[in-house]
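Below is one structure, written out as structure tokens; comments come after it.
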Amino acid sequence: MRIGIDQRLLAFGPGGIAEYALELLRALAPVAPQHELIGLGHRRGTRPPLPGRVRWTRLWTPPHHRLEQVSLIGELALLRLDLVHQPDFIPLFHRPGPSVITVHDLAFLKFPGILTAESQRYYGRVDRAVQRASRVIADSESTRRDVIELLNADPVKVRAIPLAAGSQYRPIPIQEARTTVAHELGLTRPYVLFVGTIEPRKNLPLLLRAWDRIVQTGVNAELAIVGRRGWLAEQTEEAAAQMKHPESVRWLGVASREHLPALYAAATALALPSLYEGFGLPALEAMSCGTPAVVSDVSSLPEVVGAAGIRLDPDDEAGWIQALTRLIEEREWRDEVAARCLAQSRSFSWPRTAAATLAVYEEAARA
38 MRIGIDQRLL
48 AFGPGGIAEY
58 ALELLRALAP
68 VAPQHELIGL
78 GHRRGTRPPL
88 PGRVRWTRLW
98 TPPHHRLEQV
108 SLIGELALLR
118 LDLVHQPDFI
128 PLFHRPGPSV
138 ITVHDLAFLK
148 FPGILTAESQ
158 RYYGRVDRAV
168 QRASRVIADS
178 ESTRRDVIEL
188 LNADPVKVRA
198 IPLAAGSQYR
208 PIPIQEARTT
218 VAHELGLTRP
228 YVLFVGTIEP
238 RKNLPLLLRA
248 WDRIVQTGVN
258 AELAIVGRRG
268 WLAEQTEEAA
278 AQMKHPESVR
288 WLGVASREHL
298 PALYAAATAL
308 ALPSLYEGFG
318 LPALEAMSCG
328 TPAVVSDVSS
338 LPEVVGAAGI
348 RLDPDDEAGW
358 IQALTRLIEE
368 REWRDEVAAR
378 CLAQSRSFSW
388 PRTAAATLAV
398 YEEAARA
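Letter by letter, the sequence shown follows residues 38 to 404 in the numbering used here.
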């Protein structure tokens, strides 16, 4: 088969879906030697580092453009593709032939209002998308259930294929990691790390309240928050303003890809008290660096951390206080949890994800 995998988002800046599409394309090359793989880039971008056998073409139509459903079909017709994978939810509705889409989460259905008007126009067609696509990939069993239940999708054509962490997320000598975060980010004390967009579903007000009470007991540590300001970030900012010890929280903004591995590796733990996740990649990235993950026991997060990490009710403030305090104060127990998390992280890999995705492509072609 000639398989096209949409990579146009790469030309418009870094992002989770763009990185997913690129990592998948790279990992498919060794597991799909019998197929021709074509990265569908955008004219504004350049070819990223890829295995030599992967073709790369640059298209004119930008992602999410209002005329995408017309102009992109014309561009792809010239490539004579047997199958197209759209990793950003929405397929080409009128393109003949098999198609695969990836649905990463349905947060915009569970939390109405998080989308801009432009994004609503694009993602508001997701129900039609899952009906049109030959096969639908979900990042987790939890998201698969959401797709089936919320969008009335045929269970037969929805497959759960977990993500994987990038190769840069691996154990780093602790002194090296600490030196990096101290020099580059000014983190010189022990810290608990949060990574994610600052928005209501991340449940940061609970974490801030818990952290304030932890610091009041005399714990000498900081809470480092990494992520961009998102929808209704004011709720989190109000919670921060009510803290007795706001100086114990470091707001680091968006961290570079170069700094994130060290941030994870030097952290005492990752805290992810989310109310909903489609997968929960920060938990896997942290575990891959050998850092304990403390997560909410909801949606996809139990699939990621398994029995290795610490799973808590997202409303159990006392439980979060107890778990984080113990990880900070009991080094031996912290190291035991870290070892379990590192072992759990090895259950996920891009070769496994690519092999499962290839099976979906071949199934879609036969459908």
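The beta carbon of each residue, even a glycine, is placed where N, CA and C say it ideally should be. Since this is a predicted model, take the numbers as computed values, not measurements.
Contact belief for residue i with residue j at Cβ below 8 Å, rounded distance in angstroms
i      : j      : result
Glu322 : Ala202 : 5 Å
Ala277 : Leu245 : 6 Å
Leu260 : Val286 : 5 Å
Ile127 : Ile138 : 7 Å
Gly356 : Leu349 : 5 Å
Leu118 : Arg39  : 5 Å
Pro192 : Asp176 : Contact doesn't hold; Cβ gap of about 17 Å is too wide.
Trp370 : Arg363 : 6 Å
Glu340 : Ser179 : 7 Å
Ala303 : Ala214 : 4 Å
His282 : Gln253 : 7 Å
His141 : Gly264 : Actually they do not touch by this definition, with Cβ atoms about 17 Å apart.
Residue i vs residue j beta-carbon contact at 7 Å
i      : j      : result
Val397 : Arg169 : no
Pro133 : Leu243 : no
Gly82  : Leu47  : yes
Arg172 : Lys147 : no
Leu247 : Ile174 : In the sequence as presented, Leu is not what sits at residue 247; that position holds Ala. Cβ distance not < 7 Å, so Ala247 and Ile174 don't count as in contact.
Ala402 : Pro135 : yes
Ser337 : Gly317 : yes
Leu379 : Gly327 : yes
Phe130 : Gln106 : yes
Ala320 : Ala330 : yes
Ile262 : Trp288 : yes
Ser325 : Ser384 : no
Ile54  : Pro149 : no
Pro351 : Val332 : no
Residues sharing a beta bridge with residue i, DSSP
i      : result
Ala261 : Leu230, Arg287
Gly317 : Note: Gly317 sits in no beta bridge, so no partner.
Thr139 : Ile174
Gly41  : Ile75, Val121
Thr94  : Leu77
Ala308 : Val331
Per-residue DSSP class, three states only, for residue i
i      : result
Thr217 : helix
Asp164 : helix
Trp357 : helix
Gln123 : strand
Thr76  : At residue 76 the sequence reads Gly, which differs from the Thr that was named. If DSSP states are grouped into helix, strand and coil, Gly76 belongs with the strands.
Arg196 : strand
Ile365 : helix
Ser333 : strand
Ala202 : coil
Ala345 : coil
Ile235 : strand
Arg371 : helix
Arg250 : helix
Arg266 : strand
Leu62  : helix
Ala404 : coil
Gly82  : coil
Cys326 : coil
Ile54  : helix
Asp352 : coil
Leu188 : helix
Ala299 : helix
Pro34  : Past the boundaries of the shown model lies residue 34; the chain is included only from 38 to 404, so the question cannot be answered.
Pro242 : helix
Thr153 : coil
Contacting residues, own chain, Cβ-Cβ under 6 Å from residue i (five flanking each side not counted)
i      : result
Asp164 : Leu188
Glu60  : Trp387
Thr217 : Ala299
His122 : Ile42, Val137
Leu143 : Asp183, Leu187
Gln205 : Pro298
Arg368 : none
Val291 : Arg265
Thr225 : Ala219
Ala360 : Val331, Ile347
Same chain, Cβ closer than 7 Å to residue i, five either side skipped, listed in chain order
i      : result
Val91  : Leu62, Ala66, Leu74, Gly76
His79  : Arg45, Ala48, Arg95, Leu96, Pro99
Gly267 : Thr234, Ile235, Glu236
Ile365 : Pro227, Val256, Ala258, Thr305
Gln272 : Pro237, Pro242
Leu395 : Leu65, Val68, Ala69
Arg162 : Ile127
Tyr159 : His101, Ile127
Ala166 : Phe126, Ile127, Pro128, Ile138
Leu152 : Phe145, Tyr160
CB contact check: residue i to chain D, cutoff 7 Å
i      : result
Pro135 : This model lacks chain D altogether, as it is built from one protein chain only.
Same chain, Cβ closer than 8 Å to residue i, five either side skipped, listed in chain order
i      : result
Arg103 : Arg158
Pro51  : Arg294
Ala190 : Val167, Gln168, Val173, Val184
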